[in-house]
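A.B. asks: Supplied in structure tokens, the structure appears directly below.
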Amino acid sequence: MMLLLKQICLLVLVFYDSLQLCLTFQQSNLSSRRGQFWVLNAKYGKGAEIYPPTNNKDVFTLADSFPNSMVPPIAKAAVSRRGNNEVSEVQEDQNGNSVGDRKKLREGNNYDNEKPNTSLADMKAKLLWYITKAKEADKKTQKSSKRQSAPSLLFNRLPIITAISMCVLDLHLISPSEILWVVFFSGYLIMLGLLSSSTKSMDSSYPLLPNLPPQGHVPALLKNPLGVQLMGSFNYQNWLKMGVVLGYILPCIAVGWYKVTNQLHLARICAKSVFFISCQIITEKMTKKVFAPLPLRILVPLAYNSIRMVWLYDWIMFPGNMAKWGRVLASLNFVYWGLNLFGFLLPVATMRYMRSHFFCVEAEEVVLREQGF
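Residue numbers for the sequence shown, in mature numbering (1 follows the signal peptide of the UniProt record, and there is no 0): -24 to -1, 1 to 349.
Right, dumping it as structure tokens:
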């Protein structure tokens, strides 16, 4: 009875993760298409739209327009002259207009504050009213952004949920050797990170493998080592989505099916691939969060992709009875991750990561040929 309850819990968790992941990809695909459409149809010059359309700051002062918030004397004089002119215009308006006209003006502006005696008080009240309205609009935008960030937060936690569920709900899926491999590789990365942050000598403060240039700034190429053009391309995004479907969603469903049909050996082989890809996603996010050096960051997908190929080969060559769809899924995974390793990670991603590291961090001066690089 307890074993059946564990299987049901695992199936519910797998299908829930798959459904949430599909919804997240649909939302991200729609937002990316809208963004690409807006960029392609953007206007420049007369008639162009202002981007971003709103600002987070409620009130802007004159000092915000100058470096170090230092307003030059000529600007202060111009502002004071403008203020005096506005006060004189308000006084003329008070003398020239009747009380009934001022009441109509207040009713036409649609604000419900108390009616002050002077026009300067009216202007202050209007300013306060506009500030409160801007704050309310800012709160609404923050709430909408929190709702939109909820699916992405759930997607970030999916690999953690999957890895923990495979280790806790059913101890027979993941053997201690796989867990020890992940622990060993994580400890190896931590040791490399400590060595890279150590200094070359006692007198020097520069690390052996720095993650930033000596100036301390973060170049754009360090944030996107693969390049903005490649990461934003249509083919690259579809390649990533295909990998998530083939390597994560469908194997999770296959693990649940093998558990229900009591094909435990196939469930173990398939679960190892899902477990390693979940650990890979978690490790990549951690290395990016701590801003590890680029040579260490590219080591993570290379190592996990290589070890995953072994279990995919065992899945394909399983000697017992296996459904055709299972063997086809294993073959597709083996082909996809083989192409990803030998066609993208080694020749493209590794070269771009190393080039970005040496150009932006290690090199003191970069001289390009006339034809470019």
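Backbone N, C-alpha and C define an ideal beta-carbon position, used for all residues, glycine too.
What are the boundary residues of the alpha helix (DSSP H) that includes E154?
C.D. replies: That run of the alpha helix (DSSP H) goes 152 to 173.
A.B. asks: May I ask you to list the residues that DSSP assigns as paired with P183?
C.D. replies: Looking at the DSSP assignment, P183 forms a beta bridge with T175.
A.B. asks: Within 10 angstroms of its Cβ, does Q239 collect 16 or more other Cβ (buried), or is it exposed?
C.D. replies: It counts as buried.
A.B. asks: Who are the near neighbours of A126 in its chain, counting only those whose CB is closer than 7 Å to its CB and skipping five residues on each side?
C.D. replies: At A126, the pLDDT of 43 sits below 50, so the modelled position is not reliable; the number obtained from the coordinates is stated separately. So no residue of the chain qualifies.
A.B. asks: According to DSSP, simplified to helix, strand and coil, what is residue 358?
C.D. replies: Residue 358 lies beyond the stretch modelled for the chain, which goes from -24 to 349, so this question has no answer here.
A.B. asks: Does L305 come out as helix, strand or coil in the three-state DSSP assignment?
C.D. replies: The answer is helix: DSSP assigns L305 an H, G or I state.
A.B. asks: Compute the Euclidean distance between the alpha carbons of L278 and L317, then round it to the nearest angstrom.
C.D. replies: Each residue's alpha carbon lies about 7 Å from the other.
A.B. asks: Tell me whether the beta-carbon of S307 lies closer than 7 Å to the beta-carbon of I292.
C.D. replies: Contact flag set, yes.
A.B. asks: For L272, verify whether its CB is less than 6 Å away from any heavy atom of the ligand COA.
C.D. replies: Among the components of this structure there are no ligands whatsoever, and the ligand COA is therefore not found.
A.B. asks: Using a threshold of 7 Å, state whether the C-beta atoms of L272 and H333 are closer than that.
C.D. replies: Result no, Cβ atoms of L272 and H333 do not sit closer than 7 Å.
A.B. asks: Keeping to the same chain, check which residues put their C-beta closer than 7 Å to that of K109; ignore five residues upstream and five downstream.
C.D. replies: Closer than 7 Å at Cβ, skipping near neighbours: no residue.
A.B. asks: Below 7 Å between beta carbons: does that hold for R328 and L170?
C.D. replies: Their beta carbons are not under 7 Å apart, which means R328 does not touch L170 by this criterion.
A.B. asks: Helix, strand or coil: how does DSSP classify A230 here?
C.D. replies: If DSSP states are grouped into helix, strand and coil, A230 belongs with the helices.
A.B. asks: Apart from the five residues just before and just after N187, which ones in its own chain have a Cβ nearer than 6 Å to its Cβ?
C.D. replies: Within the same chain, N187 has close Cβ partners F267, P269.
A.B. asks: Should N104 be labelled buried (16 or more other beta-carbon atoms within 10 Å of its own) or exposed?
C.D. replies: Sequence check: residue 104 is Leu here, not Asn. Looking at its Cβ environment, which holds fewer than 16 other Cβ atoms inside 10 Å, L104 is exposed.
A.B. asks: Among the residues of its own chain, which have a CB less than 8 Å from the CB of I245, if the five just before and after it don't count?
C.D. replies: Excluding sequence neighbours, I245 sits near W287, D290, W291, F294.
A.B. asks: Please list, in chain order, all residues of the same chain as A339 whose beta carbon is under 8 Å from its beta carbon, the five residues on each side excluded.
C.D. replies: Here the set comprises nothing.
A.B. asks: So, with DSSP's three-state summary, where would you put P277?
C.D. replies: Reduced to three states, the DSSP call for P277 is helix.
A.B. asks: According to DSSP, is N211 helix, strand or coil?
C.D. replies: N211: helix per DSSP, three-state reduction.
A.B. asks: Apart from the five residues just before and just after A24, which ones in its own chain have a Cβ nearer than 6 Å to its Cβ?
C.D. replies: Residue placement at A24 is flagged as unreliable, the pLDDT there being 47, under the threshold of 50; the coordinate-derived value follows with that caveat. Excluding residues within five positions, none has a Cβ falling inside 6 Å.
A.B. asks: Which same chain residues end up closer than 8 Å to N309 when comparing Cβ atoms and leaving out the 5 residues on each side of it in sequence?
C.D. replies: The residues are L222, G223, P227, S249, L288, W291.
A.B. asks: From K52, L149, V159, pick the residue whose C-alpha is nearest to that of Q256; which is it?
C.D. replies: Minimum Cα distance to Q256 is reached at V159.
A.B. asks: Specify the secondary structure class of F310 as computed by DSSP and reduced to three states.
C.D. replies: Helix.
A.B. asks: Tell me the rounded alpha-carbon separation between V304 and V311.
C.D. replies: Using only the alpha carbons, I get a separation of about 11 Å.
A.B. asks: Verify the CB distance criterion: does A306 have a CB-CB separation below 7 Å to chain C?
C.D. replies: Of the protein chains in this structure there is only one, and it is not chain C.
A.B. asks: Going by the beta-carbon positions, is the gap between Y280 and F320 smaller than 7 Å?
C.D. replies: No, the pair does not count as a contact, with Cβ atoms beyond the cut-off.
A.B. asks: Taking the alpha helix (DSSP H) that Y329 falls in, what are its first and last residues?
C.D. replies: That run of the alpha helix (DSSP H) goes 326 to 333.
A.B. asks: Considering only the alpha carbon of each residue, which of A54, S56, M285, V337 lies closest to L198?
C.D. replies: Closest by alpha carbon: V337.
A.B. asks: Under the rule that 16 or more other beta-carbon atoms within 10 Å means buried, what is L275, buried or exposed?
C.D. replies: L275 comes out buried.
A.B. asks: Within the same chain, show all residues whose beta-carbon is closer than 7 Å to that of A247, passing over the 5 residues directly before and after it, in chain order.
C.D. replies: Contacts found: M142, L149, I150, V231.
A.B. asks: Compute the Euclidean distance between the alpha carbons of V220 and S254, then round it to the nearest angstrom.
C.D. replies: Taking the straight line from one Cα to the other gives about 11 Å.
A.B. asks: Of all the options V194, L168, W233, A196, which has the alpha carbon lying nearest to the alpha carbon of L184?
C.D. replies: Ranking the options by Cα distance to L184, first place goes to L168.
A.B. asks: Please report the straight-line C-alpha distance between L165 and A325, rounded to a whole angstrom.
C.D. replies: Approximately 19 Å, taken between the alpha carbons.
A.B. asks: Does the Cβ-Cβ distance between M207 and N214 come in under 7 Å?
C.D. replies: Contact: no.
A.B. asks: Kindly indicate which three-state DSSP category P189 falls into: helix, strand or coil?
C.D. replies: Correct three-state label for P189: coil.
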